[in-house]
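Residue numbers (this note's numbering): 337 to 627. Where a beta carbon is used, it is the ideal one built from N, C-alpha and C, also for glycine. Predicted model only: the values in this text are computed from it and were never measured. Report on the following structure.
As structure tokens, then:
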């Protein structure tokens, strides 16, 4: 149906379509206790560089169009868009515990959630959303303690190991054990598309074991490197105690698929935002989904 370029044959993801809205799910997170999804740029109503499923209210798109996009995605995935809780991403490692009092912050009412790249909650029917256009989304689900979380991990968040901060926060707030967590490293830019400068490569060299660094970087000369954020985030998760068999790593690159996904690099910054959503379900059908 869609001409997708896959970066490997791992087949960790699946593309679902409902009411004309395609979205991506991870096979290891297709579980009865949660709903989750990663949007594409298709199925919405936005125009121009935002066409068509832009989820950002802050990039110059028509506000009504963005709201309609959120409504459509929510109806497809299975949550109430009016209860979404938005992150406020600044490439740091701050994690926010989200409660019922936060419902709708960022979409239907003003938000006091600032400078926050990670969200976590044990409240059912309370969807969390973080935003992307090449950076790495990381999904977390604890089926034992019934907790979900999301964090945004660009190169800065990755080298600062926001995922380790998340695992520690989940343990502190909810008693989650790392060995119980099921995780996914979401659609984002692949190594072949992600050229970085020597100072960025050096930051990773200082943050990872030598053998890990060798596997996640490729020196292409002239002070330039190709960086594998997918592998780096996998190392962050396993280093935090997540079991390898509990991790799915994306087989889809945002930059390789600019007609299907928004990519900052592929569009030279002229683009909308994708969204990664996760929610605990209270009922078999995912709660009250708005029409």
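CA nearest to the CA of residue i, picked from the options
{"i": "residue 503", "options": "591, 393, 435, 454", "result": "454"}
{"i": "residue 443", "options": "588, 458, 422, 372", "result": "422"}
{"i": "residue 377", "options": "619, 491, 568, 610", "result": "610"}
{"i": "residue 533", "options": "398, 354, 491", "result": "491"}
{"i": "residue 588", "options": "337, 344, 338", "result": "344"}
{"i": "residue 536", "options": "494, 607, 512", "result": "494"}
{"i": "residue 560", "options": "586, 527, 510", "result": "527"}
{"i": "residue 512", "options": "585, 449, 484", "result": "484"}
{"i": "residue 481", "options": "563, 452, 506", "result": "506"}
{"i": "residue 612", "options": "597, 479, 396", "result": "597"}
{"i": "residue 538", "options": "525, 576, 461, 554", "result": "554"}
{"i": "residue 547", "options": "567, 467, 600", "result": "567"}
{"i": "residue 452", "options": "523, 472, 436, 426", "result": "426"}
{"i": "residue 305", "options": "592, 434, 337", "result": "Residue 305 is absent from the model: the chain starts at 337 and stops at 627."}
{"i": "residue 530", "options": "518, 379, 575, 470", "result": "470"}
{"i": "residue 394", "options": "362, 583, 615, 424", "result": "424"}
{"i": "residue 580", "options": "558, 606, 594, 520", "result": "520"}
{"i": "residue 463", "options": "474, 431, 420, 558", "result": "420"}
{"i": "residue 499", "options": "412, 525, 510, 472", "result": "472"}
Residue i (DSSP reduced to helix, strand or coil)
{"i": "residue 370", "result": "strand"}
{"i": "residue 351", "result": "strand"}
{"i": "residue 359", "result": "strand"}
{"i": "residue 508", "result": "helix"}
{"i": "residue 384", "result": "helix"}
{"i": "residue 622", "result": "Since pLDDT at residue 622 reaches only 45, below the 50 mark, its modelled position is unreliable, and the value read off the structure follows with that caveat. If DSSP states are grouped into helix, strand and coil, residue 622 belongs with coil."}
{"i": "residue 549", "result": "helix"}
{"i": "residue 409", "result": "helix"}
{"i": "residue 496", "result": "coil"}
{"i": "residue 606", "result": "coil"}
{"i": "residue 344", "result": "coil"}
{"i": "residue 480", "result": "coil"}
{"i": "residue 599", "result": "coil"}
{"i": "residue 375", "result": "strand"}
{"i": "residue 298", "result": "Limits of the chain in this structure are 337 at one end and 627 at the other, which puts residue 298 out of reach."}
{"i": "residue 540", "result": "helix"}
{"i": "residue 394", "result": "coil"}
{"i": "residue 339", "result": "coil"}
{"i": "residue 365", "result": "helix"}
Contact with chain D by residue i, beta-carbon distance below 8 Å
{"i": "residue 586", "result": "No chain D appears in the structure shown, which is made up of a single protein chain."}
DSSP bridge partner residues for residue i (one or two, in chain order)
{"i": "residue 475", "result": "486, 520"}
{"i": "residue 465", "result": "422, 613"}
{"i": "residue 503", "result": "None, per the DSSP bridge assignment."}
{"i": "residue 574", "result": "Residue 574 is not bridged to any residue."}
{"i": "residue 563", "result": "553"}
{"i": "residue 460", "result": "616"}
{"i": "residue 589", "result": "524"}
{"i": "residue 584", "result": "520"}
{"i": "residue 533", "result": "560"}
Classification of residue i by the beta-carbon crowding that lies within 10 angstroms, buried from 16 upward
{"i": "residue 347", "result": "exposed"}
{"i": "residue 445", "result": "exposed"}
{"i": "residue 375", "result": "buried"}
{"i": "residue 399", "result": "exposed"}
{"i": "residue 542", "result": "exposed"}
{"i": "residue 429", "result": "buried"}
{"i": "residue 358", "result": "buried"}
{"i": "residue 619", "result": "exposed"}
{"i": "residue 573", "result": "buried"}
{"i": "residue 523", "result": "buried"}
{"i": "residue 450", "result": "exposed"}
{"i": "residue 517", "result": "buried"}
Write down every uninterrupted run of the beta strand (DSSP E) in the region 422-456 whose length is 3 residues or greater and which is fully enclosed by it, in chain order.
431-433
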